[in-house]
Structure formats: C-alpha cells, structure tokens
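Novice: As you go down the protein sequences, you meet chains A and B in turn.
Residue numbers for the first sequence follow my numbering, so the first one is 1 and each next one is one higher.
Residue numbers for the second sequence follow my numbering, so the first one is 1 and each next one is one higher.
Quick one: this structure, given as structure tokens, is what I'll be asking you about.
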Amino acid sequence: MKSLRFLRGCFRIIVSGGRVYYASLFFLLVLVVWGALGYIGQLQDGLVVTNMRDSVSWGFYIGNFTFLVGVAAAAVMLVIPAYIYNWKQIREIVIFGEILAICAVIMCLSFIMVDIGHPLRFWHMLPLIGTMNFPSSILSWDFFVLSTYFLINIVVVTHLLYKQFYKKEYNKSFILPMVLLSIPAAIAIHTVTAFLYNALPARPFWNSALLAPRFLTTAFCSGPAILILLFQVLRKTTKFEIKDEVIFTIAELMVYAMFIYLFFTVSEFFKEFYSNTEHIVYWEYLLLGVERNREIAFYSWASIAMGFTAFLLFLIPKTRKNLFTLNIGAILIYFSVYLEKGITLIVPGFTPDTLGQYFFYVPSDTEIRTAVMIFSAGAILFTFISKIAIAILFEGFSIDSLKKKVSTT
Amino acid sequence: MQKKQKNSSRRDFLKKIPVVAAGTVAMASCSPEEWDDFLQQSFRTLSKEEKDAIIKNLEKKYTEKYGKPFTVSAEPATEGILFGYALDLSRCVGCRRCVYACVDENNQSRDPQVHWIQVLQMDKIKGIDLAHADVHYNPETVPEEGHFYMPVACQQCRNPQCTTVCPTKATYQDEDGIVVVDYDWCIGCRYCMAACPYGARHFNWGEPSIPEEDVNPATHYLGNRPRPKGVVEKCTFCIQRVRKGKYPACVEICPTGSRKFGNLLDPNSEIRYILENKRVLVFKEELNTQPKFYYFFGV
C-alpha cells in the first residue's frame, strides 16, 4: 500500500508543473514520436537505411554511445572535488551527478541496441545464458563495467532518496564506500570504452596511447558543463543552495581539463603531421577533407573553435566569474565535445578503410531521427527522476506528507 | 524442433528463463518457429541431435523459399588438415572472375551487393601501396598498362583479430584453420569489421536477395547457406567444397592459374611447394595477424 502511495505521489510530482514545463515536455514527446517513426523504418528494412556501409561500419550511433559514456563518467567524477574541498552540497552533487549518470548509461545502451543488427539477440553476449567472450573481447569488458557502474549509481541514489523520504539518516558506512567505488568505476567505463577502439591494429587512427587519456579529459569538460547549468536552474527554481564560488571552482577544474585536452590534441597533431607516415591519410580527412568531401573537416574545425573559445572564456578570470559568459563557455564546450566524440572520432577511423578506399559517410535521416528519439527520451527520463529527487530533497515530499494527505481526506 | 524443446533438460530450461522473461513483450506475437529461432543456442555448443534438427528445419525452410531441394551440411574439420592459400601476384590480370564465381558459389546477396573478394588495382611504380590502390577500376580490357592486381579476401589469420573482439564467440577459427561465422549467433555489432585489417568482413545491411534460379542449393551451415539480414559474413575458403576435397570456387575459375590451395600440413602439397620454392609475402605482416593466405611471385 505504502509503495503504491509513493508511486502515486511520484506521479503527481511528475505531472505537476508550470506552463514552461508542460511545453518543454510536450516538445520532447513530439521529438520522441518523430524519432521513433524514423526508427521503425530501420526495424523493418534493416540498417540499410543508415548511411553506414562495409567501409564505414560504425557511425553516428557508436559516436553518440561514446559521448554518453563520457557524460556518465564525468557526472560522477565531480564527486572528487566535492569530497576534497568538503563542499556542503556534496550530497546534492552526488545525487544529481548519479541521476545524470544513470540516464546517460541507459541512453548508451539504447544506442548500442539501435546499432546492432539483431537487437533481440543481445542476450547472446551475457554470461551464463549466452556465451560472453570474456576476457578476450573488450566489448564484454565494457558491458561488465557499464552495468556495474549502473548498479552502483542506482543503489546510491535510491538509498539516499529513500532515507530522506522516510526522514531517516542515510547509512554512511554503506554509502561512502559505494560513492568512493563509483569514482574508479566512472574512470573505468570511459577507459574501457576508449580501449574498445584503441587496441585495434587495423585502425591506426585510434591506435594511440593518448586515446584513453583524451577520453577522460573531454569527459571532465562535458559532464560538469551540464551540471553547472543544471545547478543554476535548480538554484533558481528550488530551495537548493549553491554558492557562486562553488560553480567557479568547478569551472576552474574544467579549465585544467580543457588545457590538458588541448595539449593532448596538439601532441597528436604534431606526431602525425611531422612524422607524415602513411597513417596521415586519416588526419588529412579529419582536418582537410578529401577532394570536395569536407563534411567531417567542417565538424572538426567547429569542435576545435568551440573548444578553444570555451577554454579562453574559462581561463580568463573575468569571464569565468561572470555567469553569463561562463554559461556560454559551458554550452560551447559541451557541443565541442559532442562533435568530437559523436562524429569526428569514429568516422575518420574508417576513412579511408583498411584497403585504402574512401567512402564518405554522413549520418542519414534515420540515424539522426533515431538519435533524437534516444536523446529526447533520455531527457524526459532525467527530468522525471530529477523532479522526484527535487521534491524529496527540497520540497518536503516525504512519508509524513503522504500521511498528512491521507488524514485530511 | 518441437521435440527438441520437450527433451531439453531442466537446467537448459532454467537457463532460458531470464531470456524468456526479457523477450516476452517483444515476442508475444511470434509463431512457435520464431520462438525456437530466438532461443537457439550457439551452434558449437549444441548436441548432434540438436544440430540435426536445426539443419533439417533449415533445409525445409530454404527449399520452400527458393523452390529447389537444398542441402545444409555441418561437415566438421578433418584432423591433419590446415588449409592454406597462395596467390600469384605476377600472374593475376585483375579480370574479377573470382569475384563473381565467389558470389555465385557462396550465395552472396546481389542487391544490396556483397563481394567477399576485393581486387585492388595498384600502380607498378608504387608497389603494394594502399593509398594508391583502387577497387573500382573499370577499363575495357585488363590488365592495364603500368598496373598490377592484388585480390584480397579473408586472409584466414592464425591470430585473427576478428574472433578476439567478437563479444559472443559467434565467429571462431575451426580446427582446419577456417574462420567461420555462426549466422544464428551473431548479434550484428560489427566489432569484427572494425578489427579486421583486410576489409574481409561484410555486413548484410539490408535483406539479402538472391534470384531463385541463381541460388546454390549445396550449402554448409557455417558457409554459404543464405544469410539473414543484420549479420556479418566472410570468405570461408568455400568450406562447403574444401571439406569435401574440392577446390574453392575462385581457384577453379581463375583463368591464369594464379590461385593455389592446399593442406599446409601435407609436405607434398602444392601449397607447401610454393612456400618452399617461391618468394612469398603476407599482407600487412607488421600487424602480426599471421595469415594462412600468401602472396607470391611465380615468374
């Protein structure tokens, strides 16, 4: 009975909101439906409706998967500074970071599911019921670390919210080790995802030891960028308090990450262009394009420009300590990393292919619609869970409030 | 198949429970045969009876679909045989007859088009240089002045990257050295395609189509049987032929005799003669894939 009332209470929280809330929810729903109608075509005709072919056998879906692993990882890595600097809001940072991580992991798995030729055979790669190729296949490692990470986050978030709901102290000796465990797990999911591409001798473009470190630094840019924006929204609309100083400190940490990222990128460019081996072809396609095919080059320069601008905005104290320019920087770095992971990391690895042949890939309508479906559904999920968390944390949604309602009626 | 279900042990059944639960919603509207397909285990792990049942079922399905009697063999590897291949770069003229003989023999999809053999046209002055190689060459007659030709299919590596990365063990190297794919176990993740340095793996992006009159009804489970969409396929050295003692189709069709095939463990085989008496090379030897497919210069 209690749980039923809890669910009813949650439902009431989800459906209540202002005009802006309804409008954005409706907009997201429209996007989900529009995307799903595109995805149905892929279910019927197969992946032939994407623009992927034998030469470029992974594309936009796998790029989005990679990006979202970064988001999932970085949201939780924000716990490190919160713990070190002993910020008052560490509990909120943990909760919202991990809610973001949970949603991001669900979106990751959705991108894998839409990418594989036989989604219903997914169980073949599970242990016990299928034949998991462990430890040989990095994909099985990735699945293992992603699901572990997912479980840790679910347990931490539900425990914290559950205890708050029942007005009890949370079990610190249980939660603290879990949170501390989630940090190496966050690093692990992104490292293993980088290793997925990294150690394929067939693909020189990814065969660089800097790949995993680059993944971590970009994740440390994009994940906190979302949280910075989210905290400001929460601060305006709820009782959540976070001082500007904390936001500026997060931004400061992001500058370090951005600097290391830029440095890594310059190192890669130097090594490839100065040594000018046969492997230069991938980098030329990435930055210059081949003949008239400059789509990828356009995205990579856009990513570089946005990343560099964001770096300057975050570096200069005046613009870092101004919320307006700071937010512009956060949005720029988010999209910079999105383009880098989503498009310019995967596609040049396949262009030219292993026999030196060029196939110029850009995502098809179906791929874009399917991605929009997953992102919008993920955003809705994140909104709903966050709303419940906000109600429990700041708006007094608790077992008492439920009891009161029962007694008044 | 119905019988197989009843006979399966309780443990097997228990193993399947989570799968059944997970798939219930999606599979609610499916027929019993589709259920069996969905629950089928990896071919390698099945008992002889289970394999026989599956094969009988497949033969029936293909016979109905293509209107001619089909055979699906599950002929295993023979002990003492390790297949190897050699291709004479000095003789190949780039006519691509092997490409189309392979398509006919191995039931590759005609639309969308799948080719297991890619013939690279190279500049003589550049040597084996992929940055100057072209698979889409299309002159009136071959060979063209100043060029040589290098057909590439699966190199049947001793140290294959594709089987290492496969998350489900759907692709593996059999005892006679042939790297095969279990089309009913492959989930279509295409990790093997990212890992293969030779572009030897091909994906069925759409529903494969083969005209009824062109389909080859003599098939092998791990080879040329018609594939579903959404799985990866590749050269198997014509497993359906070589395990019966015949040559691969590309060897038979080659008008210049550039293609040689045999048992690497037999000291008197032609392939061993070539390895011992000609200068051979393997493609991308720096990647340590250790192919059993050799290129050589016969003249």
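All C-beta atoms, glycine included, are put in the ideal place defined by N, C-alpha and C.
Note that the coordinates shown come from a computational prediction; the quantities given were computed from them, not determined experimentally.
Is it buried or exposed, T277/A, if we count other Cβ atoms within 10 angstroms and call 16 or more buried?
Specialist: Per the 10 Å Cβ criterion, exposed.
Novice: Secondary structure at R259/B, three-state DSSP: helix, strand or coil?
Specialist: In this structure, R259/B counts as strand in the three-state DSSP scheme.
Novice: Can you tell me whether S8/B is helix, strand or coil according to DSSP?
Specialist: Low confidence applies to S8/B: its pLDDT is 48, below 50, so where it sits in the model is not reliable, and the reading given next is rough at best. DSSP places S8/B in coil when its eight states are reduced to three.
Novice: Quick check: what's the CA-CA separation for K65/B versus N106/B?
Specialist: Cα to Cα, the separation comes out at about 17 Å.
Novice: Whose CA, out of T289/B, A195/B and W35/B, lies closest to the CA of V137/A?
Specialist: It should be pointed out that residue 137/A corresponds to Ser in this sequence rather than to Val. Nearest option by C-alpha distance: A195/B.
Novice: Taking Cβ positions, are F134/A and N64/A nearer each other than 8 Å?
Specialist: Not in contact: F134/A and N64/A (Cβ atoms no closer than 8 Å).
Novice: Taking the alpha-carbon of A257/A as reference, which of I129/A, I95/A, S140/A and A310/A has the nearest alpha-carbon?
Specialist: When each option's Cα is compared against that of A257/A, the closest is A310/A.
Novice: Quick one: grab the DSSP three-state call for P217/B.
Specialist: Coil at P217/B, not helix or strand.
Novice: How is the beta strand (DSSP E) around Q173/B delimited, first residue to last?
Specialist: Q173/B -> beta strand (DSSP E) spans T171 to Q173.
Novice: Which bits of chain B does Q42/A rub up against, with CB to CB less than 7 Å?
Specialist: Ordered by position in chain B, no residue passes the 7 Å Cβ test against Q42/A, which lies about 10 Å from the chain.
Novice: Starting from the Cα of I99/A, find the closest Cα among S398/A, S336/A, C10/A and A379/A and give me that residue.
Specialist: Closest option to I99/A, Cα to Cα, is A379/A.
Novice: Cβ closer than 7 Å: which chain A residues qualify as neighbours of L130/B?
Specialist: The contacting residues are L355 and G356.
Novice: Quick check: what's the CA-CA separation for V69/A versus I374/A?
Specialist: C-alpha separation (whole angstroms): 14 Å.
Novice: Compare the C-beta of L200/A against all C-beta atoms of chain E and say whether one is closer than 8 Å.
Specialist: Absent from the structure: chain E. Protein chains present are A and B.
Novice: With burial defined as no fewer than 16 other Cβ atoms inside 10 Å of the residue's Cβ, what is the status of H190/A: buried or exposed?
Specialist: With 16 or more Cβ atoms within 10 Å of its Cβ, H190/A is classed as buried.
Novice: May I have the straight-line CA-CA distance separating E286/B from P127/A, to the nearest angstrom?
Specialist: Rounded to whole angstroms, E286/B to P127/A spans 34 Å at the Cα level.
Novice: Spell out whether any CB of chain B is found under 8 Å from the CB atom of E278/A.
Specialist: It does: the Cβ of E278/A has a partner Cβ on chain B nearer than 8 Å.
Novice: So, at 6 Å on beta carbons, what are the nonlocal neighbours of F70/B in its own chain, with the 5 sequence-adjacent residues on each side left out?
Specialist: Taken in chain order, the residues that qualify are E59, Y62, T63 and P217.
Novice: Run through chain B and tell me which residues come within less than 8 Å of G46/A, C-beta to C-beta.
Specialist: Neighbours of G46/A on chain B, chain order: N204, W205, G206, E207, K229 and G230.
Novice: Closest Cβ-Cβ distance between M373/A and chain B: below 8 Å?
Specialist: For M373/A, the answer is no, since every Cβ of chain B falls outside 8 Å of its Cβ.
Novice: Taking only the alpha-carbon atoms, compute the straight-line gap between R91/A and A194/A and give it to the nearest angstrom.
Specialist: Spanning the two alpha carbons is a distance of roughly 30 Å.
Novice: By the 10 Å Cβ neighbour count, where 16 or more other Cβ atoms means buried, how is R19/A classified, buried or exposed?
Specialist: Result: exposed.
Novice: For A186/A, count neighbouring C-beta atoms within 10 Å of its own C-beta (all shown protein chains included) and say buried if the count is 16 or more, exposed if not.
Specialist: Buried, by the Cβ-count rule.
Novice: Helix, strand or coil for Y358/A? Go by DSSP, reduced to three states.
Specialist: Of the three classes helix, strand and coil, the one that applies to Y358/A here is coil, per DSSP.
Novice: Can you give me the start and stop residues for the alpha helix (DSSP H) that A86/B sits inside?
Specialist: Run containing A86/B: none in the alpha helix (DSSP H); it sits in the beta strand (DSSP E), F83 to D88.
Novice: Along chain B, in chain order, which residues have C-beta atoms closer than 8 Å to that of F382/A?
Specialist: Neighbours of F382/A on chain B: none; closest Cβ ~24 Å, over 8 Å.
Novice: So that I know if they touch, is there some Cβ in chain A lying closer than 8 Å to that of P197/B?
Specialist: At least one chain A Cβ lies under 8 Å of P197/B.
Novice: So G38/A contacts chain B; which residues on that side make the cut at Cβ distance below 7 Å?
Specialist: Within 7 Å Cβ-Cβ: nothing; G38/A doesn't reach chain B, min ~16 Å.
Novice: For K341/A, verify whether its CB is less than 7 Å away from any heavy atom of the ligand NAD.
Specialist: Among the ligands in the structure shown, none appear at all, so the ligand NAD cannot be discussed.
Novice: Helix, strand or coil for E233/B? Go by DSSP, reduced to three states.
Specialist: Strand, per DSSP.
Novice: Of all the alpha helix (DSSP H) runs that stay within the bounds of the stretch 259-291 of chain B, which reach a length of 4 or more residues?
Specialist: Counting whole runs of 4 or more residues, the stretch 259-291 of chain B contains the alpha helix (DSSP H) stretches 270-277.
Novice: Can you list, in chain order, the residues of the stretch 134-152 of chain B whose Cβ is nearer than 9 Å to any Cβ on chain A?
Specialist: Flagged, chain order: D134, V135, H136 and V152.
Novice: Rounded to whole angstroms, what's the CA-CA distance from I102/A to I152/A? Just pull it up for me.
Specialist: Taking the straight line from one Cα to the other gives about 10 Å.
Novice: Report yes if the CB atom of V105/A is closer than 8 Å to the CB atom of A75/A, and no otherwise.
Specialist: Not closer than 8 Å, so no.
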